[in-house]
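Input: a single structure, listed below in structure tokens.
Protein chains in written order, with the UniProt record's numbering: chain H, 1 to 178; chain B, 1 to 178; chain P, 1 to 178; chain Z, 1 to 178.
The following block contains the structure:
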């Protein structure tokens with residue numbers, strides 16, 4: 001799969017926000033899956049782009065965000081999936097990875113047309129980002145075991161919406177970068 | 001309710017697109033509800049903004065779109081909810097009412113901060129538009145009997161997402177502009 | 001020149017705005033040049049896109065704008081350059097042809113990569129549109145005899161900026177679609 | 001002046017790009033002026049927002065950009081105007097400070113309506129940013145001794161354009177935060 005990027009959404013996280021307790025079990029299950037997927041993507045030289053909330057911190061850059069997350073009580077969910085020296089990084093202020101960020105520009109510039117969306121939250125940022133990617137004519141792949149949810153029922157509906165209405169390919173992470 | 005606009009999404013329609021057959025029963029139920037709501041909003045002087053797909057027609061304006069829809073086999077679903085002389089009109093090219101349209105600009109310019117989203121399709125354009133409105137800090141109200149769906153299950157999930165994750169107020173149309 | 005569109009900026013105009021008196025001599029000189037250029041572009045089947053201010057009228061479409069301009073005292077400046085049945089039309093609310101309009105989407109969708117910018121005002125909308133086109137990686141051509149100015153000195157500087165800093169090709173209209 | 005932010009454009013710079021030789025004399029003159037202005041703004045508690053090119057480095061954050069600039073031959077032009085612990089920071093990929101950046105969102109969120117634009121280059125990024133600020137209805141102030149140019153003639157024209165066509169207030173830096 002060339003021209004395909006792995007997009008890691010909101011995994012640099014202190015997990016101290018509203019609903020974090022509901023998210024933690026799912027995030028805990030996703031981290032090892034995503035770790036494996038990151039390893040395979042990096043091995044193949046696929047571009048990895050972290051797109052992460054700035055948590056209202058307009059000063060923050062990925063170093064600061066990462067340091068804070070690694071200093072928190074849930075460092076074990078952050079350390080395995082941290083950016084490496086080649087990772088690209090885009091800060092977002094709101095839900096969608098595309099809203100007022102340079103992501104469209106970055107992806108076009110690098111000739112990336114296909115996005116593997118991973119991270120959290122399935123029925124929120126992942127869903128919204130899948131929509132915004134589809135609107136912009138990117139091809140979207142969502143490995144269902146590499147996205148974490150808060151509400152199981154909404155997550156199931158979100159995956160169905162992505163598949164049925166946004167042309168996304170929902171698959172298992174083991175099918176990617178094999 | 002001042003500073004509140006009624007937003008009518010994709011109701012100027014020939015209903016000859018994919019999935020139209022699935023949409024028609026729901027749209028048929030929505031038209032009289034929306035007609036009443038339009039009447040009440042107009043009576044109170046609330047701004048009414050039609051935001052409608054251009055159906056790939058970059059020449060089209062609302063006159064042409066309306067003429068075509070009124071000449072089609074489903075004119076009875078279009079005629080009762082047609083724009084009047086005071087209606088505003090914004091063409092969109094993709095799903096969300098905000099994507100590459102002047103809608104944000106128009107709403108800010110007119111001091112409108114609260115949007116009543118009506119029309120179709122609940123689990124598609126209405127959902128996406130509710131999200132994009134929320135991201136832009138508009139207050140969103142969705143009268144559940146004034147939005148039409150293709151798939152009942154996804155529509156239910158969409159309304160739940162709007163309420164739980166996008167801060168939308170989901171209500172009955174009879175509660176608006178009473 | 002394939003994949004090249006002729007972009008006609010703000011020529012559907014009643015010329016009753018501030019500074020119109022300063023603009024009229026230049027616009028009067030540009031109209032016959034643009035008429036010839038429109039003829040040659042249409043003959044070759046090049047797409048012609050009118051991008052025009054909505055003059056604050058959110059109801060307006062190109063029919064209404066055109067009718068009003070043709071009913072005004074400067075109809076002679078509008079009639080020769082009016083849209084024909086194949087012309088595309090995009091309404092803008094602010095200076096740049098790209099600001100909160102679907103123009104980027106339309107151009108990408110039609111595979112258009114090169115823009116010939118004509119119309120008015122050289123040191124305002126034409127300059128801003130050239131910049132926004134350059135930022136979006138479109139190739140820009142500006143026929144200097146087909147753009148109208150309010151202030152000669154600023155127009156000269158604007159053309160120099162387009163050429164030197166925005167990678168635009170400034171030429172004579174007779175060199176296009178020969 | 002409350003609700004006014006000092007915007008520092010592209011001053012974190014290695015000055016090894018095309019035209020840097022032409023820019024250096026003007027930048028050298030601007031640095032002490034901007035240093036004084038920064039001091040006064042910080043003393044008054046005015047928000048200071050650095051908006052800086054990422055120089056094609058999608059990994060970069062302000063720490064990395066700053067380190068690189070301070071390690072280069074023109075560290076003396078960067079050190080006096082470096083961000084402090086309260087400075088906000090926005091990366092841009094293209095000329096305008098608003099193009100695909102979260103700046104509009106940040107400014108609205110912080111209630112900032114008036115922008116003092118400083119830095120470089122007068123007839124390029126400063127001009128384009130003044131335009132994009134004006135289009136978005138921000139009030140713009142440009143202290144003419146705190147902006148650096150490459151070409152004197154175009155810079156003069158650019159300042160005239162900002163004043164005449166973009167409603168900007170062009171002044172002397174000594175008149176700000178007195």
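Glycine residues also receive a C-beta, built at the ideal position from the N, C-alpha and C atoms.
Given that a residue counts as buried once 16 or more other Cβ atoms are within 10 Å of its Cβ, and exposed if not, what is residue i?
i                      : result
residue 92 of chain Z  : buried
residue 56 of chain Z  : exposed
residue 46 of chain H  : buried
residue 153 of chain P : exposed
residue 39 of chain Z  : exposed
residue 111 of chain H : exposed
residue 178 of chain H : exposed
residue 94 of chain H  : buried
residue 109 of chain Z : exposed
residue 102 of chain H : buried
residue 43 of chain P  : exposed
residue 1 of chain B   : Residue placement at residue 1 of chain B is poorly supported in this model, since its pLDDT is 44, which falls under 50; the coordinates still yield a value, given next. Classification for residue 1 of chain B: exposed.
residue 133 of chain B : buried
residue 83 of chain P  : buried
residue 53 of chain P  : buried
residue 85 of chain B  : exposed
Does residue i get closer than 8 angstroms to chain H when you measure Cβ to Cβ?
i                      : result
residue 143 of chain Z : no
residue 93 of chain Z  : yes
residue 138 of chain Z : no
residue 13 of chain B  : no
Under a CB-based cut-off of 8 angstroms, is residue i close to chain B?
i                      : result
residue 210 of chain P : Since the first residue shown for chain P is 1 and the last is 178, residue 210 of chain P is missing from the structure and cannot be characterised.
residue 107 of chain H : no
residue 101 of chain P : yes
residue 66 of chain H  : no
residue 119 of chain P : no
residue 63 of chain P  : yes
Spell out whether any CB of chain P is found under 8 angstroms from the CB atom of residue i.
i                      : result
residue 48 of chain B  : no
residue 111 of chain B : no
residue 23 of chain Z  : no
Could you work out which residues of chain B lie near residue i, taking near to mean beta carbons separated by less than 7 angstroms?
i                      : result
residue 135 of chain H : 94, 95, 96 and 99
Below 8 angstroms on C-beta distance, what does residue i contact in chain Z?
i                     : result
residue 45 of chain H : Correct list: empty, because the minimum Cβ distance to chain Z is about 16 angstroms.
Along chain Z, which residues have their Cβ under 7 angstroms away from the Cβ of residue i?
i                      : result
residue 128 of chain P : 131
Within the 8 angstroms Cβ cut-off, does residue i reach chain Z?
i                      : result
residue 154 of chain P : yes
residue 1 of chain H   : Note that residue 1 of chain H scores a pLDDT of 44, beneath 50, so its modelled location is shaky and nothing firm can be said.
For a contact defined as C-beta to C-beta under 9 angstroms, what are the partners of residue i on chain B?
i                      : result
residue 157 of chain H : 123, 153, 154, 156, 157, 158, 160 and 161
Using 7 angstroms as the cut-off, classify the Cβ of residue i as near or not near the heavy atoms of the ligand MN, replying yes or no.
i                     : result
residue 63 of chain H : Ligands are entirely absent from the displayed structure, and the ligand MN is therefore not among its contents.
Cβ contact check for the region 10-20 of chain B and the region 21-37 of chain H: 3 or more pairs under 8 angstroms: no
At least 3 beta-carbon pairs within less than 8 angstroms: the region 114-122 of chain Z vs the region 135-149 of chain Z: yes
Chain P contacts made by the region 159-174 of chain Z, where a contact means CB separation under 8 angstroms: 160, 161, 164 and 165
Three-pair Cβ contact test at 8 angstroms for the region 169-178 of chain H versus the region 119-126 of chain B: no
Cβ pair count under 8 angstroms reaching 3, the region 60-76 of chain P against the region 6-13 of chain P: yes
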